[in-house]
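In the numbering used here, the protein residues as written are 662 to 1414. A virtual CB, placed ideally from N, CA and C, is assigned to each residue, including glycine.
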């Protein structure tokens, strides 16, 4: 019997595929890439057509030896790396390394790791697609041309150890530009007036003032508001107009890579990187008991919402059986992404709709279950019928002023029985009911509530909104969104605080320099245009060497000019009043992987470091000290007493300066979706409720009725104390300092629990 070797990228994928193939097949894993450009040298022969110098990746010796041994035992070799550019390049490198014939059909691919898909693929091998390979090579060499020329310039002119990436720098620029917009923003005052109206026998309802003399009203000061209130004294409130209509809300399409990352961030608080790691596990396959190892979702790097007809029919059958024929959607899915869609793969969907999340929950980790449920629900809902709302709008006239009240009820839930998409603005489809009213009817105005507002600057980017912006502007591709975000955080150019992305001082300095001297590299449109060129290479419309040449020559001219024009950029450390207890110098603020910390300026003679304690202005509820901001070893912010270790009170939640009006204890902010922040008393013996509301900027802060202690508030009495790990060497402390609690002058790290 002839033997067929199938090479995949990971052992998990190998295990799943082995189950679907017969005895004549044996499966090996390459463990990802086997060859790459060298790290220690440029590795690109620019003068010889940008010829790359590939070397075997360090540490892959045993893997390659195992593959070469397996090839000798096989009569045929099939390479089943992932179905994208990167996977095609891996297949090509394996082909070269194993000295396989270039004219041999050895490449197979499948969009889902299921028995029918895998068995079909092994019977349809094809030649390696060199257009895809060249597109991947062009991207890799472009990044090398930029990184290995621009990074040393930053070392010489700004600071050693800096690096600049072609796509990552544009992402940092977006964040820096947004921060400049926020700093330059000047708020404008405006006021709103909300009436609480009532009809006998019905619950009161709200209506907002929106017109005066048939024109939209704008109230910009307290004086103008008082004038309106004076005119409304003694007014009669008459229902002047009622509109009723039926409104449809259609389901969101199934996930593509970018929307999965966005929704997982909004609903599950997963970073893009975490989402892709878990999704890869679901794609490669998990052990489902008697069913064995099974791939649960289709390929996770895609920009198309297309769904195969077989999968659509299966889902429609499930919907009919579970909910009824009226819940089956009739509309064809249209692409949600803008610009050019590669459409190489289906949307991200379950491989079988019959793998219900609850049925397989026991075989998944908590994170795997949550993400799979999200994907399963979104996909099922996308093929269901629209939700139907009965909406009512009521205009209430008071002289020349008009208030408007609106309400809606769900007439038919449709897809909302299964899934409702989250929104960045936090809005929801909450039902609001209005009483039965008739035109000409008078209603009672029980109160008029005036409220002062100020226009707000554009919001800072979050992981979700940054990925969304990158996709909209054509920056990067599905496989690059997660690495972009993680790379710029790791390099110290941005930090993540309360889910928002802030530029660091270092990031702003680098971006300002690149803006001035490398406009194309940092230009959004230029970078998006290069992505289109890479797509054209994949389609065979452009030659990859010509694309590189068109970029390289002007880039090097700019490099030469910048080398002459840029002087040394001094990044000065902020000196503090904190004295180094080892040598007596004033310590300075430094920026590390997890934010700012204190370090002795006498490095390397003195290697002393300390956490930087950022005050909150809130008193410690236990000892009367001040609560300060600290960092866990994972970089997560928490709050602890500045008297540590004498007092070990800590909490993950933002402490509020507002004391509990019933017991006087500390209250913490519990952040819900959108703009709502709930204040909760940490005193578990305090059970009084609060009706008042605290308003900060545009955020409405609701104080909860049940002042139970937060589950995440941690003290030494009710949970185990945070684990404290001392760094073994001062050198290690220098590199990995985080602002955790300190003990006996040493740098410590609080383990996140």
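Host alpha helix (DSSP H) of residue 777 (start-end): That run of the alpha helix (DSSP H) goes 776-783.
Can the beta-carbon of residue 933 be found less than 8 Å from the beta-carbon of residue 743? Cβ distance not < 8 Å, so residue 933 and residue 743 don't count as in contact.
Could you compute how far the alpha carbon of residue 894 sits from the alpha carbon of residue 1328? Rounded to the nearest whole angstrom, the CA to CA distance from residue 894 to residue 1328 is 40 Å.
Using C-beta distances below 8 Å, list every residue in its chain close to residue 1274, excluding the 5 sequence neighbours before and after it, in chain order. Here the set comprises 1289, 1290, 1291, 1303 and 1400.
Going by C-alpha distance, which of 1199, 839, 1042 and 1217 is nearest residue 915? Of the listed residues, the one whose Cα sits closest to residue 915 is 1042.
Looking at the strands, I want to know which residues DSSP matches up with residue 878. In DSSP, residue 878 forms no bridge with anything.
Sequence-distant residues of its chain with Cβ nearer than 6 Å to residue 741 (five each side left out): 667, 669 and 769, listed in sequence order.
Within 10 Å of its beta-carbon, does residue 1224 have 16 or more other beta-carbons around it, so buried, or fewer, so exposed? Under a 10 Å Cβ-count criterion, residue 1224 is classified as exposed, with fewer than 16 other Cβ atoms of the shown protein chains found around its own Cβ.
Measure from the alpha carbon of residue 1136 to the alpha carbon of each residue in 1113, 924, 1176 and 1187, then state which is nearest. Considering only alpha carbons, the answer is 1187.
The region 1047-1067 contacting the region 896-903, beta-carbon criterion three pairs below 8 Å: Output reads yes: the region 896-903 touches the region 1047-1067.
State the start and end residues of the unbroken beta strand (DSSP E) segment that holds residue 757. DSSP places residue 757 in no beta strand (DSSP E) but in the uninterrupted alpha helix (DSSP H) bounded by 746-758.
Can you give me the C-alpha to C-alpha distance between residue 1412 and residue 1301, rounded to a whole angstrom? Its pLDDT being 28, under 50, residue 1412 is placed unreliably in this model, and the value from its coordinates should be taken loosely. So the two alpha carbons sit approximately 13 Å from each other.
Buried or exposed for residue 1023, please, with buried defined as at least 16 other CB atoms from any protein chain shown within 10 angstroms of its CB. Using a 10 angstroms sphere on the CB of residue 1023, the tally of other CB atoms stays under 16, which defines it as exposed.
How many Å lie between residue 848 and residue 889 at the Cα? Roughly 23 Å separates the two Cα atoms.
So does the region 1173-1186 actually touch the region 720-733, counting three or more Cβ pairs closer than 8 Å? Result no; under three Cβ-Cβ pairs closer than 8 Å.
Inter-residue spacing [alpha-carbon to alpha-carbon] between residue 937 and residue 838: So the two alpha carbons sit approximately 28 Å from each other.
Does the region 693-709 come close enough to the region 802-822 to have 3 or more Cβ pairs within less than 8 Å? Of all C-beta pairs linking the region 693-709 to the region 802-822, three or more are shorter than 8 Å, placing the two stretches in contact.
Can you name the start and end residues of the alpha helix (DSSP H) that residue 905 belongs to? Unbroken run through residue 905 is the beta strand (DSSP E), 898-910; no alpha helix (DSSP H).
Along the chain, which unbroken stretches of the beta strand (DSSP E) at least 3 residues long are found entirely within the region 1141-1171? Within the region 1141-1171, the complete beta strand (DSSP E) runs of at least 3 residues are 1155-1158 and 1161-1164.
Take residue 1167 and list the residues in its own chain whose beta-carbon comes closer than 7 Å to its own, dropping the five residues that flank it on each side. Closer than 7 Å at the Cβ level, and outside the excluded window around residue 1167, lie 1153, 1154, 1232 and 1252.
Consult DSSP for residue 668 and reduce its assignment to one of helix, strand or coil. Reduced to three states, the DSSP call for residue 668 is strand.
For residue 842 and residue 790, the rounded distance between their alpha carbons: If you draw a straight line from the Cα of residue 790 to the Cα of residue 842, it comes to about 45 Å.
Work out the CA separation of residue 1312 and residue 1009 for me, nearest whole Å. Straight through space, the alpha carbons of residue 1312 and residue 1009 are spaced by roughly 38 Å.
My guess is that residue 956 and residue 773 are in contact by the Cβ rule of under 8 Å, so how many angstroms apart are they, rounded? At roughly 6 Å, the Cβ-Cβ gap stays under 8 Å, so residue 956 and residue 773 are in contact.
Taking residue 775 and residue 1012 to be in contact with their CB atoms under 8 Å, please state how far apart those CB atoms are, rounded to whole angstroms. So it is a contact: roughly 5 Å between Cβ atoms.
I need the DSSP call for residue 1317, collapsed to helix, strand or coil. Of the three classes helix, strand and coil, the one that applies to residue 1317 here is strand, per DSSP.
Does the pairing of the region 1070-1078 with the region 937-955 give three or more beta-carbon distances under 8 Å? Verdict: no, contact absent.
Who are residue 737's beta bridge partners in DSSP? As DSSP reads the structure, residue 737 sits in a beta bridge with 665.
What's the gap between the Cα of residue 1287 and the Cα of residue 834? So the alpha carbons of these two residues sit roughly 36 Å apart.
Could you round the C-beta distance between residue 854 and residue 1108 to whole angstroms and report it? I think they count as a contact, below 8 Å. Wrong, their Cβ atoms sit about 11 Å apart, outside the cutoff.
Quick check on DSSP: helix, strand or coil for residue 1284? Reduced to three states, the DSSP call for residue 1284 is coil.
Work out the CA separation of residue 766 and residue 786 for me, nearest whole Å. Taking C-alpha positions only, residue 786 is separated from residue 766 by approximately 5 Å.
Which residues share a DSSP beta bridge with residue 712? DSSP lists 706 as partners of residue 712.
Meets three-Cβ-pair contact criterion under 8 Å: the region 963-983 and the region 1064-1071: Segments in contact, no.
For residue 1105, collect the residues of the same chain with a Cβ closer than 6 Å to its Cβ; drop the 5 residues on either side in sequence, then sort them by chain order. The residues are 859.
So, at 7 Å on beta carbons, what are the nonlocal neighbours of residue 717 in its own chain, with the 5 sequence-adjacent residues on each side left out? Taken in chain order, the residues that qualify are 695, 696 and 725.
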